[in-house]
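> I'd like to ask you about the structure that follows.
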Amino acid sequence: MAAPILELKGIERSYREGEGRLTILKDAAFSLNPGEMVALVAPSGAGKSTLLHLAGLLEAPDSGEVIVGGQACGQLSDDARTAIRRNEIGFVYQFHHLLPEFSAEENIMIPQMITGMAPAEAKARAGQLLDYLRVGHRASHRPAELSGGEQQRVAIARAVANAPRILLADEPTGNLDPKTAGYVFDALEALVRQSGLAALIATHNHELAARMDRVVTLSGGKVVAWTG
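Counting from 1, one number per residue, gives the positions in the sequence shown under the numbering used here.
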């Protein structure tokens, strides 16, 4: 079996609350393997977003270690952590967060060009991703001209534009009606299966969660198997 692409070991995270502290994660451990889709299902406030932020190196744990591709990240410089986020990790949120003044195609080109890719190459890859996600015909449209499902598929394309090895998604279908949510998830699942991405997806949708390889939840500050 391939080594995990993402590991969280002994993760502790708490926040100041008044004069005390609110513990969100306590000795939490989790691993994610290449090509695996894992659903994270937990009530609001349980710490799903915190776990994703830690896994994506957007914030640091109070203690414990986040390991990406075999590399421990706790002692890395901010620049090194940023480089890992840019090259190894893609993010999809509940709201698409597309840049409104740019077209769908340009939104996907920008993160590639930030890494130094030539505009022509970035444009070609953007077109391939949009076609794969069945929104190629909307490439020249700005986000406001796209439906909710189209916006989210463009956001998914942007998240994987730099060919990351990990995809972290926080309620990616949460703002969509059930039919559109199913269609967007179909596109996301096909992309993950085809590319060998490892995906951790926070969701309240139990039907979509059941389609993934396994389901975990948060209990007592730990990541545990979901029992339904």
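Think of the CB as a built atom: it goes at the ideal place given N, C-alpha and C, for glycine as much as any other residue. Please read these numbers as outputs of a predicted model, since none were measured by experiment.
Strictly by DSSP, which residues pair up with LEU40?
ALA202 and VAL216
> Quick one: give me the first and last residue of the beta strand (DSSP E) that GLU250 is part of.
Any property of residue 250 remains undetermined from this structure, which presents the chain solely from 1 to 228.
> Compare the Cα-Cα distances from PHE95 to each of SER44, LYS26 and ASP170 and report the closest residue.
ASP170
> At what residues does the beta strand (DSSP E) containing THR23 begin and finish?
Element bounds for THR23: 20-32.
> Around the Cβ of ILE84, are there at least 16 other Cβ atoms within 10 angstroms (buried) or fewer (exposed)?
buried
> Between which two residues does the alpha helix (DSSP H) carrying MET160 extend?
At residue 160 the sequence reads Val, which differs from the Met that was named. Here VAL160 belongs to no alpha helix (DSSP H), and DSSP marks it neither H nor E.
> Could you tell me which of ALA157, ASP213, ASN162 and VAL135 sits nearest to MET37, measuring between CA atoms?
Nearest C-alpha to MET37: ASP213.
> Apart from the five residues just before and just after TRP226, which ones in its own chain have a Cβ nearer than 7 angstroms to its Cβ?
VAL41, VAL215, VAL216 and THR217
> Run through the DSSP bridge pairs and tell me what PHE91 is partnered with.
LEU168.
> Helix, strand or coil for VAL135, going by three-state DSSP, please let me know.
Coil at VAL135, not helix or strand.
> Tell me, please, which residues DSSP counts as bridged to ILE67.
According to DSSP, residue pairing for ILE67 in a beta bridge involves GLU7 and ALA72.
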